[in-house]
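*Asks:*
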Amino acid sequence: MSYHIPSDEQLTEILVKVLKKAYSIQFQSKLKQLIMDELKTDDKKYGVSVQRLRKLAIKNPHITIEIHSREGDPDKILKGCPVCDHRLKHVKNLTIWGGVVTIELQCPNCGYWTGKKKRVPTRYIFHYKK
Ligand SMILES: [Zn+2]
Numbered sequence: 271m272s273y274h275i276p277s278d279e280q281l282t283e284i285l286v287k288v289l290k291k292a293y294s295i296q297f298q299s300k301l302k303q304l305i306m307d308e309l310k311t312d313d314k315k316y317g318v319s320v321q322r323l324r325k326l327a328i329k330n331p332h333i334t335i336e337i338h339s340r341e342g343d344p345d346k347i348l349k350g351c352p353v354c355d356h357r358l359k360h361v362k363n364l365t366i367w368g369g370v371v372t373i374e375l376q377c378p379n380c381g382y383w384t385g386k387k388k389r390v391p392t393r394y395i396f397h398y399k400k
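Under this note's numbering, the residue at position 91 of the sequence shown is numbered 361, and the numbers go up by one with no gaps.
(1) List the whole-angstrom C-beta distance separating L375 from K359, where the pair is believed to meet the contact cut-off of C-beta under 8 Å.
(2) Can you tell which of P276, R322 and G385 has the C-alpha that lies nearest to the C-alpha of K310?
(3) Ligand 1: which residues have Cβ under 5 Å from any of its heavy atoms, chain order?
(4) Helix, strand or coil for S277? Go by DSSP, reduced to three states.
(5) In the DSSP assignment, the alpha helix (DSSP H) including S299 goes from what residue to what residue?
(6) Look at the alpha carbon of R389 and the alpha carbon of P378, and state the distance between them as a whole number of angstroms.
(7) Whole angstroms is fine: what's the gap from S299's alpha carbon to I328's?
(8) Please classify F396: is it buried, with 16 or more other beta-carbons within 10 angstroms of its beta-carbon, or exposed?
(9) Provide the residue(s) that pair with Q321 in DSSP beta bridges, ordered along the chain.
(10) Between T282 and S339, which are expected to be in contact by the criterion C-beta below 8 Å, what is the C-beta distance as a whole number of angstroms?
Next comes the structure, spelled out in structure tokens:
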């Protein structure tokens, strides 16, 4: 059986519907399960990744995502935002000696930020917002 890929519109509609009902969903895997239940039909199998759900949720004004994280490896090079793949912005700060140092990286898309120890997202909590 082949997988059907739902459209952004279709997924967004279900995302909002599911969250409006649950109000808060504590785990990304739980959110995906609820979405899959909504999509399920007898003759079609759907393929949806959690990354895609996250990106759609970030774009949606009715959804907020709470990101929990742990400290990561300071030497790790982040090519993009670990939450949404967006390019990270360097936030610079002046030191008292007049030099410029990069103190953190920030994602203008989803609000992820990290200092020296590259924060690793470990859990996402989804909230419905009116
Ligand atoms: Zn991001």
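Yeah, the Cβ is synthetic: ideal placement off N, Cα and C, and Gly gets one too. Here the structure is a predicted model, which means the values were calculated and not measured.
*Replies:* Quick look at the numbers:
(1) For the purposes of this step, residue 375 is taken as the residue at position 105 of the sequence shown. For the purposes of this step, residue 359 is taken as the residue at position 89 of the sequence shown. Yes, they are in contact, since the Cβ atoms of L375 and K359 sit about 7 Å apart, within 8 Å.
(2) Sequence index remark: in the sequence shown, residue 310 carries index 40 (1-based). Of the candidates P276, R322 and G385, the one whose C-alpha sits nearest the C-alpha of K310 is P276.
(3) Ordered along the chain, the selected set is C351, V353, C354, H356, C377, N379, C380 and Y382.
(4) Taking the first residue of the sequence shown as 1, we reach residue 277 at position 7. If DSSP states are grouped into helix, strand and coil, S277 belongs with coil.
(5) Taking the first residue of the sequence shown as 1, we reach residue 299 at position 29. Start and end: Q298 to L309.
(6) In the sequence shown, counting from the first residue as 1, residue 389 sits at position 119. In the sequence shown, counting from the first residue as 1, residue 378 sits at position 108. Each residue's Cα considered, the two are about 16 Å apart.
(7) Residue 299 sits at position 29 when you count from the first residue of the sequence shown. Residue 328 sits at position 58 when you count from the first residue of the sequence shown. One Cα belongs to S299, the other to I328, and the distance between them is close to 16 Å.
(8) Counted from its first residue, the sequence shown places residue 396 at position 126. Buried, by the Cβ-count rule.
(9) As a working mapping, residue 321 is identified with position 51 in the sequence shown. Note: Q321 sits in no beta bridge, so no partner.
(10) Taking the sequence shown and counting its residues from 1, the one referred to as residue 282 is at position 12. Taking the sequence shown and counting its residues from 1, the one referred to as residue 339 is at position 69. At roughly 26 Å, the Cβ-Cβ gap does not stay under 8 Å, so T282 and S339 are not in contact.
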